[in-house]
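Trainee: Residues -29 to -1, 1 to 595 in mature numbering (1 follows the signal peptide of the UniProt record, and there is no 0) are what the sequence shown spells out, letter by letter.
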Amino acid sequence: MKNNKLKKVILSAITATMISCSLPFTALAAVQVNPIENLSTDFIKGADVSIMPELERNGTKFYDNGIEQDGLTILKNHGVNWIRVRIWNNPYVVGPEGVGGGNTDEAKAIEMAKRAKALGMKVLVDFHYSDFWVDPGQQKKPDVWKNDSGDKLVDDVYAYTAKVMQDFNAQGVTPDMVQVGNELNNGMLWPEAQLTEDNPNGYKFLAKLLNAGLQAVHDNDKDNKVKTMIHLAGVDVNLYHTFFDNLIVKNKVNDFDIIGMSFYPFWHGTMDDLKNTMNDVSAKYNKDVIAVETAFGYTLEDADFEKNNFGTNEEKVSGYKATVQGQATGLRDVMATVASVNDNRGLGIFYWAPDWVINEKVGWKSNGGGNGWDNLTLFDTKGNALESMDTFNLVSDPNNQYIEPQVTAINTVDVKDVSLYSNVDLPQTVGVVYSNDAVKNMSVKWDVAKPIFAKPGNYTISGTVEGLAQKAIANIEVKNKMNLVLNGNFENETLNGWDIVGDSSAINLAWNQGDVRDKCAMHYWNNKPFNVIIKQKLKGLSDGKYTLSCWTQGNGLASKYQLFVKQNGVEMTTDIKDDGWNRWHQTSIKNIEVKNGEVEIGFILNGRPDTWGSIDDIEFYVQK
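Given below as C-alpha cells:
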C-alpha cells in the first residue's frame, strides 16, 4: 500500500455521550458486531504495524480506555494475532532523515517482530525490494541495485532475501510467513521485470526474480515452516488469471503457498467480488488466499493538510458509513467473507496501518508529506483505541449473540445541475442503510423513470424499494440551460458523436461505481504511452457567449490533458488536473464568444504508461 494523502475529531457516540476529562478522550461509542459462525481459532486477524516504531520515536502514545499502553499490546488485547512488517532496503539513502513513510527498514522490522513474538503473535515479512513505497504504479529498484540487470539482479534478490532471513533467524524471530514483493500487478524492479507490451520478456524475468526470492526463504527455513506468498492488488479475476497463468503455468513459479490480495472496498469492489475471486483463484491454482491489506473509514474528518485517501466519494462506494460502527461492520464482513472461501482456503486478513494516527513528523514522505490515512485507523487522532478494534475479539466470542440488522434509512439521491429538456437518468439502485451502518445497494422503481423538465427549479421524485415501506427520494436541481453536446453523459452506453483521433484503443467506456457519475462514462487507459484527441463539432449555434464544462477523475499521470474549444482557427484551452480515483473535478471554459454558428470541442490527452481516468457529463450551453 502506498500512502497518498484529522482537524481534531470529536467522535459522536452511537449510544453514549462523550465525557470530558484530563486524559486524552476515548471514543465511548458502543459497536454491535455479529459473531462469525465456525471461525477457525487460527484464523489470521492481522495488522500491518510497520509504521509504529517511527510513530513512537516521534512521541505518539496509545491509549485503551484512557490508560496509556503499548500500541502493539492494545492490538493484541483486542484480538489481533499476527503482525505484518514491510522492509525497504535502505530508506536512509537520501540522508539521515530518511525518505519518510516510517523509514521501514530491516532493523525496525526485527524490532517489531521481537515485540510481537514476545506477545505470542505471529509475523509476516513484506519484502518491497525498493527504498520506498512500491505498488502497481511504481516499482523502483533500490538505489544500490540501480545499475544492475539480468543475472546480477536475480543474485541481488536472492542475497538480500537470504541475508534478511538469516538476520531474523539469528535474533530468534524467524518469520511465520514471507511475501516476496508487494502488489506485483505490473511486475517489480522496473524496468527489467515490468509487465508491459513493450517488455515481452517481463514475465520471464519476473519469474526468475520471484524464484530467487522464494528459494532464499526456503534455504533459510531449516524447519520448513515459513509460508510464502505472492501479492497482487485488487480483486479483478481476469488480472489474477493473466498473472498466475503466466507465472505458474508458463514460467513454472509454483513454490509458494498463498495468494495475497489487497482489498479496499472503496477502491476494489464489493465483498461478493472478493469472495468470487478468492474462490476462483484458490481452486484454479491450488493456493490458500489472504486479504493481506484492507481498511475501513470511521469518519470523514481530516486532521491535517494532506487530503485523505478516504472521503465522501469513497464512502459512497464502500458499502459502509464512515462511522466507528460502519468500520466495525466492514471489518467483520471482510473477515466473514474470507472465512467463507471454499475448502477452508481463506486464511485471514491484515488491517493496513491501524496505528497511523496524526504525527506531523511521520508523513507518507519526508519534507512535506502528510498523512492521508488518519480516518482509516483503529485509533482516533489522540491515539485512543476505537471500539471498532473490539471486532477482532467479538467475531469469535462464544457469548456474542447474533442480531439481525434492521433497515434504518434510504439514502437520498441528489441530482444537480440538470439542463432543460434533458433526460434525467435516475440511478437503478439506492443505498439502504442498516442498523449496523452497512449500506446495501437495492433496486428502486421510480414513480417517473426518466423525467424531463421544461422549467428550472428544484424537483422531488419518489421511488419504491421492494419489501420496504419507506420511500426512496430523488432531489433534482434543474438549471436554466440547455446542453448542446451530443452524448455528453454517455448514458446511451456508446461513444456515438465523438471523433477519436490517435491511439483510439486507449478509449473505451466504464460502468463501475467510482469510474462514472451516473451509469456510464468515457474511460481511458493504456499500459504504454498514448496520444489522443477526442472531439465533436457543434453546428447551428446562435451567436453569443457559451460555457464548456466536463467532469473528470483519474490518476493524474498524463503529460498533457486539456479541455479545448476551437472556432475559426482560434483555440481556447484549460488544463485538466486529476488527483485520484473517484475524486471528481469539474473543469470549465467560460465566456466563449461564438460567431458563425460552429465550434469544435474536445480533449487533448497525452498519457504516460498506465495513465487512467474517466470523462463524464460534458456540457456546452448558452451563458445566461
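Glycine included, each C-beta is placed from N, C-alpha and C at the ideal position.
Whole angstroms are fine: how far does the CA of Q110 sit from the CA of G121?
Mentor: Roughly 16 Å separates the two Cα atoms.
Trainee: Suppose contacts are defined by Cβ-Cβ distances below 8 Å. Is F103 in contact with A310 by that definition?
Mentor: Contact: no.
Trainee: Using a Cβ-Cβ cut-off of 8 Å (strictly less than) and excluding sequence neighbours within five positions of V386, which residues of its own chain qualify?
Mentor: Counting only Cβ-Cβ distances below 8 Å, and skipping sequence neighbours, we find V395, L397, A445, N446, I447 and E448.
Trainee: How should E331 be labelled, buried or exposed, when 16 other C-beta atoms within 10 angstroms of its C-beta is the threshold for buried?
Mentor: It is exposed - the Cβ of E331 has fewer than 16 other Cβ atoms within 10 Å.
Trainee: What's the C-alpha gap between V105 and Q538?
Mentor: One C-alpha to the other measures close to 45 Å.
Trainee: From V4 to L357, what distance separates their C-alpha atoms?
Mentor: So the alpha carbons of these two residues sit roughly 14 Å apart.
Trainee: I need the straight-line Cα distance from D587 to G108, nearest angstrom please.
Mentor: Taking the straight line from one Cα to the other gives about 24 Å.
Trainee: Which whole runs of the alpha helix (DSSP H) in the stretch 260 to 308 are 4 residues long or more, in chain order?
Mentor: Correct list: 283 to 289.
Trainee: Considering Cα atoms alone, identify which of L480, W116, V20 and G152 is closest to M92.
Mentor: The candidate whose alpha carbon is nearest that of M92 is V20.
Trainee: Within the stretch 436 to 461, note down every full alpha helix (DSSP H) run reaching 4 residues or more, in order along the chain.
Mentor: List check, alpha helix (DSSP H) in window: nothing returned.
Trainee: Looking at the unbroken alpha helix (DSSP H) that takes in M136, where does it start and where does it end?
Mentor: Its alpha helix (DSSP H) spans residues G121 to A141.
Trainee: Taking 7 Å as the limit between beta carbons, can you name the residues of its chain near D418, skipping five residues before and five after?
Mentor: Correct list, in chain order: I432, S433 and G434.
Trainee: For G231, which of helix, strand or coil comes out of DSSP?
Mentor: Here G231 sits in strand by DSSP.
Trainee: With a 10 Å radius around its C-beta and 16 neighbouring C-beta atoms as the bar for buried, classify T541 as buried or exposed.
Mentor: Checking the displayed sequence, the identity of residue 541 turns out to be Val instead of Thr. Its Cβ having fewer than 16 others within 10 Å, V541 is exposed.
Trainee: Check whether the Cβ atoms of G515 and V593 lie closer than 8 Å to each other.
Mentor: A contact, by the Cβ cut-off of 8 Å.
Trainee: What three-state label does DSSP hand R55 in the structure shown?
Mentor: The answer is strand: DSSP assigns R55 an E or B state.
Trainee: Counting beta carbon pairs with one atom in the stretch 488 to 505 and one in the stretch 467 to 477, are three or more of them shorter than 8 Å?
Mentor: At 8 Å Cβ cutoff, the stretches touch.
Trainee: Look at the Cβ atom of residue 612, then the Cβ atom of L347, and state whether they are nearer than 8 Å.
Mentor: No answer is possible for residue 612: it lies beyond the span of the chain, which begins at -29 and ends at 595.
Trainee: Please give the ranges of any beta strand (DSSP E) in the stretch 307 to 359, keeping only runs that are unbroken, at least 3 residues long and fully inside the region.
Mentor: List check, beta strand (DSSP E) in window: 317 to 323.
Trainee: Since I believe R316 is in contact with residue 597 (beta carbons under 8 Å), could you give me their beta-carbon distance rounded to a whole number of angstroms?
Mentor: Residue numbering for the chain in the displayed model covers -29 to 595; residue 597 lies beyond these limits and cannot be assessed.
Trainee: Helix, strand or coil for I253? Go by DSSP, reduced to three states.
Mentor: In the sequence on display, residue 253 carries Ser and not Ile. Residue state, collapsed to three classes: helix.
Trainee: Between which two residues does the alpha helix (DSSP H) harbouring Y174 extend?
Mentor: Its alpha helix (DSSP H) spans residues G173 to D190.
Trainee: Exposed or buried, what is P62 when buried is set at 16 or more other beta-carbons lying within 10 Å of its beta-carbon?
Mentor: P62 should be labelled buried.
Trainee: Ignore the nearest five residues each way along the sequence and tell me which others in G152's own chain have a CB closer than 6 Å to its CB.
Mentor: Result list for G152: M159, in chain order.
Trainee: What separation, rounded to the nearest whole angstrom, lies between the Cα atoms of A187 and A133?
Mentor: Straight-line Cα distance between these residues: approximately 5 Å.
Trainee: Counting along the chain, where does the beta strand (DSSP E) carrying I589 start and finish?
Mentor: I589 -> beta strand (DSSP E) spans T582 to V593.
Trainee: On the three-state DSSP scale, how would you describe K47?
Mentor: It is helical.
Trainee: Below 8 Å on the Cβ atoms is my contact criterion, and I expect A274 with I329 to pass it. Report the Cβ-Cβ distance as a whole number of Å.
Mentor: Indeed, because the Cβ distance is near 5 Å, the residues count as touching under 8 Å.
Trainee: For E448, is the beta carbon positioned less than 7 Å from some heavy atom of the ligand SAH?
Mentor: The model on display carries no ligand, and the ligand SAH is accordingly not part of it.
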